[in-house]
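Novice: Here's a structure for you.
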Amino acid sequence: MTRDPMTPDERPFALVHDVGGRLGLAAVDAAAEAAGLQPGLPLADGRALVPNLATAELRPAEDARALARLAAWCGRYTPWSAVDPATGGLGGGLGAGILLDVTGCAGLFGGEAALLGDLVTRLGRLGFTVRAALADTIGAAWAAARFATDAGAPWRVVPPEGARAALAPLPPAALRLPPAAAELLERLGLRRIGALAGLPPETLEPRFGPELACRLRQAWGEAPEVLSPLVPVPPLLARRVLAEPIVTVEALACGLDALAAELCRRLEAVQRGARRLELTVYRVDGSLRRLALGTSRPSRDPDHLERLFAGRLERIDPGFGIEVMTLAAPLSERLTALQLVLGPAGTGRGRRSGDDLAGLVDRLEARLGPGRVLRQDPFESHLPERAARRVPALAPGVPAPWRRGRPRPLRLFERAEAVEAVALLPDHPPARFRWRRVRHRVVRAEGPERIVPEWWLDDPDRAGAPARDYFRVEDEVGRRYWLYRAGGRWFLHGLFG
Amino acid sequence: MVTLGDEKPAKPGLDALRARIGRLEHGQRTPRVLPLGAPALDARLPGGGLALGALHEVEGVRAEWDDGVAAGFCLALVAPLAAALDGPLLWIARRPDLYGGGLAALGLDPARFVFVRADGDRDVLWAMEEGLRCAALGAVVGEVGELAPTAGRRLQLAAEASGVTAFLLRRRFAPARLAEPPGVASTRWRVAPLPSGPAPLEDLPGRPRWRVELRRCRGAAPGDFLVEWDDASGGIALAAALRDGPLAAQPAAGGGARMAG
Chain A
14 MTRDPMTPDE RPFALVHDVG GRLGLAAVDA AAEAAGLQPG LPLADGRALV PNLATAELRP
74 AEDARALARL AAWCGRYTPW SAVDPATGGL GGGLGAGILL DVTGCAGLFG GEAALLGDLV
134 TRLGRLGFTV RAALADTIGA AWAAARFATD AGAPWRVVPP EGARAALAPL PPAALRLPPA
194 AAELLERLGL RRIGALAGLP PETLEPRFGP ELACRLRQAW GEAPEVLSPL VPVPPLLARR
254 VLAEPIVTVE ALACGLDALA AELCRRLEAV QRGARRLELT VYRVDGSLRR LALGTSRPSR
314 DPDHLERLFA GRLERIDPGF GIEVMTLAAP LSERLTALQL VLGPAGTGRG RRSGDDLAGL
374 VDRLEARLGP GRVLRQDPFE SHLPERAARR VPALAPGVPA PWRRGRPRPL RLFERAEAVE
434 AVALLPDHPP ARFRWRRVRH RVVRAEGPER IVPEWWLDDP DRAGAPARDY FRVEDEVGRR
494 YWLYRAGGRW FLHGLFG
Chain V
13 MVTLGDEKPA KPGLDALRAR IGRLEHGQRT PRVLPLGAPA LDARLPGGGL ALGALHEVEG
73 VRAEWDDGVA AGFCLALVAP LAAALDGPLL WIARRPDLYG GGLAALGLDP ARFVFVRADG
133 DRDVLWAMEE GLRCAALGAV VGEVGELAPT AGRRLQLAAE ASGVTAFLLR RRFAPARLAE
193 PPGVASTRWR VAPLPSGPAP LEDLPGRPRW RVELRRCRGA APGDFLVEWD DASGGIALAA
253 ALRDGPLAAQ PAAGGGARMA G
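Those sequence lines, one after another, are chains A and V.
Position one of the first sequence corresponds to residue 14 (the numbering used here), numbered consecutively onward.
Position one of the second sequence corresponds to residue 13 (the numbering used here), numbered consecutively onward.
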């Protein structure tokens, strides 16, 4: 697969890279190939053959990223898509590859040939030169795509059980062999895979190494080969192919409506509830956008799931249009029908979900962000800022009772603010202090309450922190503050009611 | 200015009219109320308590960062609700500095509170409205700087629809830019600090006291109250049991009647 460079003129084009200190051709386009250029040729020789050769530097990392993006785009056909590991980058002249497992998917696109035709046409529109083949095995499809297609028929469907026959006339290079092994076979006159098939299998391995025998069996479907997909496949996924590309939020919401209903049916079939949701939209320009969010409790209530996305669909940039949408539940938990009846209010259907707290927490976190809805649990610590631990609002567990009897402020600042204060005697409360440029005269005070840093906790930040002497003070108008002195300096840490 | 004493003598015609207007306003439903526990205040509020399923607004005299007093009085309004109703209390703010230890020290159960951090006034108001749709909640409190009249009206309507009571705690981090529009809340309170009540030792702070101005109240006249936080009874309540003497030195903010009950 190659992408035409964006050259306005029709000059032959090649990618160059550094080979042992001098530049060589890494890939050439059709025009350059017609002029006799081949990958591997030194650039100087190439320029001698084609004086007006246009070149660009090969950037393998970017190519790999582009290929990965393209593989993700192929998720519109099947969730099992991956970059071909045998041909990383540009694939050494054989073309970079993407593997799709379309088992059971062809029906959605009107058959296998239609699926391939659609794939080739769409990628062609995006500027790629594509060859595609569909077969029983990865090996057979790989070979057929590269050696059994041409510009006139860029895709080919190998019929079921037809891998052997289809491969027989192809050269051994189609077996994904290292160049040296392919060359050796050529030299021995084994120019067709069919010729290899005639040899006794036990003689192949000693002569040509384990690779050849393995590749042959893989191509014929005698040895297993699995695809490691680009994204871990969420088993719970709903897909919707849109008849027309959509751009409006209303249309998106409508699509989501159908997806949520279908996903919930699938969840119900396996008695599970979604904990995380991923909405993926595939845009006509070949890119995709993904929106992920979590639920606080397993849920398979379509209304609930839909409401989570409310207000966020606007953030999806539809580009020139969206043609495929998927909604997946990458994380789910067991949720039986009995739990729905007995469980915490409104985790499932049948109740007005607006009434339940879990639904509310989800809606709030969906818009404001994760970790925004919290509860405070008491924590055994002398430091006031540590004594309240923030946990998710619906986290399980019964919190321990809070310690009472000591003055604690209603508002506690995250960071105590330095104040200028004057105390009449070393251990006395301040007589005056100035906080944020406002002067306060202390009329009444309570303290000190000495709080010692927890040196036994392994926290380097606090290792050398001085002890704090806290005072609750009241100024002349009746405002009450929580001040402390540490190491001779004064800080304001909180406000009382 | 009408005082409580003037109002008390039987005016059956006026009460009947008030009830009828109330029914018209609330569509046959008589609004539920909850007594605050301070007789002078409850007597002033229509129905004898704080209206449930309505919006109440609390602001401090200095509506900036230094708002412990306003937050304290807001909690004093929330506390009787928390005691009377089940369900969590949703507290939505831009700065998550309300402290569980402080709530516990006042006799409130911090486990009842669900804290939501929002990024700005708009998100706070949105979260409040979302919370007000959830009838499982005990109350919804939002800390808001600026408030557009439509936003206030939306909250009031949402509160009426679900029956959940909403509190707006005005908290500005910068001086107000706009003139304050007339509020739509059922009640609107302004809280100022007062020197605290007597303590066992002279130099110690005692029970918190506030001067509370009821600036607006649907169906009742505004008034000015001196209240004390009563934490001796194990919870918090509004106690208006203050002698007039020591407080006479404090100038009243408005021309409101001073209550003693």
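The beta carbon of each residue, even a glycine, is placed where N, CA and C say it ideally should be.
Nearest to G108 (chain A) by alpha carbon, out of A:P52, A:L62, A:A127, A:A85?
Specialist: Residue 108 (chain A) sits at position 95 when you count from the first residue of the first sequence. Measuring from the Cα of G108 (chain A), the nearest candidate turns out to be A:P52.
Novice: Tell me which residue opens and which closes the beta strand (DSSP E) that W93 (chain A) is part of.
Specialist: Indexing the first sequence from 1 puts residue 93 (chain A) at position 80. No beta strand (DSSP E) contains W93 (chain A), which DSSP labels as neither H nor E.
Novice: Go ahead and pull the three-state DSSP assignment for R328 (chain A).
Specialist: What you label residue 328 (chain A) is simply residue 315 of the first sequence in a count that begins at 1. R328 (chain A): helix per DSSP, three-state reduction.
Novice: Applying the 10 Å Cβ sphere with the 16-neighbour rule, what's the burial state of G211 (chain A)?
Specialist: Working through the first sequence from its first residue, we reach residue 211 (chain A) at position 198. G211 (chain A) is exposed by the Cβ-count criterion.
Novice: Specify, as a first and last residue, the run of the alpha helix (DSSP H) that L62 (chain A) falls within.
Specialist: Looking up residue 62 (chain A) in the first sequence gives position 49. L62 (chain A) -> alpha helix (DSSP H) spans 56-62.
Novice: May I ask which residues mark the beginning and end of the beta strand (DSSP E) holding G113 (chain V)?
Specialist: Taking the second sequence and counting its residues from 1, the one referred to as residue 113 (chain V) is at position 101. Where G113 (chain V) is concerned, there is no enclosing beta strand (DSSP E), although the alpha helix (DSSP H) it sits in stretches over 112-117.
Novice: Is it the case that the Cβ atoms of V128 (chain V) and G143 (chain V) are separated by a distance below 9 Å?
Specialist: Start at 1 with the first residue of the second sequence, and residue 128 (chain V) comes out as number 116. Start at 1 with the first residue of the second sequence, and residue 143 (chain V) comes out as number 131. It is a contact, given that the beta carbons lie within the stated cut-off.
Novice: Could you round the C-beta distance between L183 (chain A) and I151 (chain A) to whole angstroms and report it? I think they count as a contact, below 8 Å.
Specialist: In the first sequence, the residue the question calls residue 183 (chain A) occupies position 170. In the first sequence, the residue the question calls residue 151 (chain A) occupies position 138. L183 (chain A) to I151 (chain A), Cβ: 15 Å. No contact.
Novice: On the premise that M338 (chain A) lies in contact with L292 (chain A), defined as a C-beta separation below 8 Å, what is that separation, rounded to the nearest angstrom?
Specialist: Locating residue 292 (chain A) in the first sequence gives position 279, where the first residue counts as 1. Locating residue 338 (chain A) in the first sequence gives position 325, where the first residue counts as 1. About 7 Å; that satisfies the 8 Å criterion.
Novice: Say whether chain V places a C-beta atom closer than 9 Å to the C-beta of L496 (chain A).
Specialist: Position 483 of the first sequence, counted from the start, is the residue given in the question as residue 496 (chain A). False, the Cβ-Cβ gap to chain V never drops below 9 Å.
Novice: Just mark L318 (chain A) as buried or exposed, buried being the case when its beta carbon has 16 or more other beta carbons within 10 Å.
Specialist: As a working mapping, residue 318 (chain A) is identified with position 305 in the first sequence. It is buried - the Cβ of L318 (chain A) has at least 16 other Cβ atoms within 10 Å.
Novice: State the Cα-Cα distance for the pair R227 (chain V) and A431 (chain A), rounded to the nearest angstrom.
Specialist: For the purposes of this step, residue 227 (chain V) is taken as the residue at position 215 of the second sequence. For the purposes of this step, residue 431 (chain A) is taken as the residue at position 418 of the first sequence. Each residue's alpha carbon lies about 36 Å from the other.
Novice: Using a Cβ-Cβ cut-off of 6 Å (strictly less than) and excluding sequence neighbours within five positions of P205 (chain V), which residues of its own chain qualify?
Specialist: Within the second sequence, numbered from 1, the residue matching residue 205 (chain V) stands at position 193. Around P205 (chain V): V81.
Novice: Just the C-alpha distance for D131 (chain V) and G382 (chain A), rounded to the nearest angstrom, thanks.
Specialist: Residue numbering aside, residue 131 (chain V) sits at position 119 when the second sequence is read from its first letter. Residue numbering aside, residue 382 (chain A) sits at position 369 when the first sequence is read from its first letter. Those two C-alpha atoms are separated by around 10 Å.
Novice: Taking any Cβ of chain V, which residues in the stretch 444-463 of chain A have a Cβ under 9 Å from it, in chain order?
Specialist: Going along the stretch 444-463 of chain A in chain order, one finds W448, R449, V451, V456, R457, A458, E459 with a Cβ nearer than 9 Å to chain V.
Novice: Along the chain, where does the alpha helix (DSSP H) that runs through C277 (chain A) open and close?
Specialist: Here residue 277 (chain A) is taken as the residue at index 264 of the first sequence, counted from 1. Run containing C277 (chain A): 262-282, per the alpha helix (DSSP H) assignment.
Novice: Sorted by chain position, which residues of the same chain lie with C-beta nearer than 6 Å to F125 (chain V)'s C-beta, five sequence neighbours on each side aside?
Specialist: On the second sequence, position 113 is the one that residue 125 (chain V) refers to. L101, W103, listed in sequence order.
Novice: Flag this pair as yes or no: are the beta carbons of L112 (chain A) and A176 (chain A) separated by less than 9 Å?
Specialist: Translated into the one-based positions of the first sequence, residue 112 (chain A) becomes position 99. Translated into the one-based positions of the first sequence, residue 176 (chain A) becomes position 163. No, the Cβ-Cβ distance between L112 (chain A) and A176 (chain A) is not below 9 Å.
Novice: Quick check: T177 (chain V) and A197 (chain V), are their CB atoms within less than 9 Å of each other?
Specialist: Mapped onto the second sequence, residue 177 (chain V) falls at position 165. Mapped onto the second sequence, residue 197 (chain V) falls at position 185. For T177 (chain V) and A197 (chain V), no; Cβs fall outside 9 Å.
Novice: Once you ignore the five residues that flank A116 (chain V) on each side, which residues in its own chain have a CB closer than 6 Å to its CB?
Specialist: The residue given as residue 116 (chain V) occupies position 104 in the second sequence. Answer for A116 (chain V): P122, listed in chain order.
Novice: Between which residues of its own chain and R403 (chain A) is the CB-CB distance below 7 Å, once the five residues before and five after are set aside?
Specialist: The residue labelled residue 403 (chain A) in the question sits at position 390 within the first sequence. The residues are L387, Q389.
Novice: Nearest to A193 (chain A) by alpha carbon, out of A:A39, A:A181, A:E393, A:G222?
Specialist: The count along the first sequence starts at 1 and reaches residue 193 (chain A) at position 180. Nearest option by C-alpha distance: A:G222.
Novice: Only counting the same chain, and skipping five residues up and downstream in sequence, which positions put a Cβ closer than 6 Å to that of G332 (chain A)?
Specialist: Here residue 332 (chain A) refers to the residue found at position 319 when the first sequence is read from its first residue. Closer than 6 Å at the Cβ level, and outside the excluded window around G332 (chain A), lie R296, D298.
Novice: For F484 (chain A), name the three-state secondary structure that DSSP assigns.
Specialist: Locating residue 484 (chain A) in the first sequence gives position 471, where the first residue counts as 1. Strand, per DSSP.
Novice: Assuming P47 (chain V) contacts G25 (chain V) (C-beta within less than 8 Å), just tell me the rounded distance between them.
Specialist: Counting from one through the second sequence, the residue named residue 47 (chain V) turns up at place 35. Counting from one through the second sequence, the residue named residue 25 (chain V) turns up at place 13. So it is not a contact: roughly 25 Å between Cβ atoms.
Novice: Is the shortest distance between the beta-carbon of Q40 (chain V) and the beta-carbons of chain A less than 9 Å?
Specialist: Residue numbering aside, residue 40 (chain V) sits at position 28 when the second sequence is read from its first letter. With a pLDDT of 48 at Q40 (chain V), under the threshold of 50, the modelled position of that residue is not reliable, and the figure given next carries that caveat. Not one chain A Cβ lies under 9 Å of Q40 (chain V).
Novice: By Cβ distance, which residues of its chain are closer than 7 Å to W222 (chain V), with the 5 residues on each side in sequence left out?
Specialist: The residue you call residue 222 (chain V) lines up with position 210 of the second sequence. If we look at W222 (chain V) and ignore the five residues flanking it on each side, its Cβ neighbours are V81, F85, V203, A204, P205, L206, V239.
Novice: Should V254 (chain A) go down as buried or exposed, given a rule of 16 or more other Cβ atoms within 10 Å for buried?
Specialist: Looking up residue 254 (chain A) in the first sequence gives position 241. V254 (chain A) is exposed by the Cβ-count criterion.
Novice: According to the neighbour-count rule (16 or more other Cβ atoms, all chains shown, within 10 Å of its Cβ), is G117 (chain A) buried or exposed?
Specialist: Along the first sequence, one-based indexing puts residue 117 (chain A) at 104. Looking at its Cβ environment, which holds fewer than 16 other Cβ atoms inside 10 Å, G117 (chain A) is exposed.
Novice: Report, in whole angstroms, the separation of the C-beta atoms of L344 (chain A) and R288 (chain A), which I expect to be a contact under 8 Å.
Specialist: Sequence index remark: in the first sequence, residue 344 (chain A) carries index 331 (1-based). Sequence index remark: in the first sequence, residue 288 (chain A) carries index 275 (1-based). Their Cβ separation, rounded to whole angstroms, is 4 Å, which keeps L344 (chain A) and R288 (chain A) in contact under 8 Å.
Novice: Kindly list, in the order they appear in chain V, the residues whose Cβ is closer than 8 Å to that of E487 (chain A).
Specialist: Looking up residue 487 (chain A) in the first sequence gives position 474. Those within 8 Å of E487 (chain A) in chain V are P207, S208, P217.
Novice: Which class does P24 (chain V) belong to by DSSP, given the choice of helix, strand or coil?
Specialist: Position 12 of the second sequence, counted from the start, is the residue given in the question as residue 24 (chain V). In the structure shown, P24 (chain V) sits in a helix (DSSP, three-state: H, G or I).
Novice: For I33 (chain V), count neighbouring C-beta atoms within 10 Å of its own C-beta (all shown protein chains included) and say buried if the count is 16 or more, exposed if not.
Specialist: On the second sequence, position 21 is the one that residue 33 (chain V) refers to. Burial call: exposed.
Novice: Compare the C-beta of W415 (chain A) against all C-beta atoms of chain V and say whether one is closer than 9 Å.
Specialist: Counted from its first residue, the first sequence places residue 415 (chain A) at position 402. At least one chain V Cβ lies under 9 Å of W415 (chain A).
Novice: Which class does Q231 (chain A) belong to by DSSP, given the choice of helix, strand or coil?
Specialist: Within the first sequence, the letter at position 218 stands for residue 231 (chain A). Three-state result, Q231 (chain A): helix.
Novice: Would you list the residues sitting across from V337 (chain A) in a DSSP beta bridge?
Specialist: Indexing the first sequence from 1 puts residue 337 (chain A) at position 324. DSSP lists A:V254, A:Y295 as partners of V337 (chain A).
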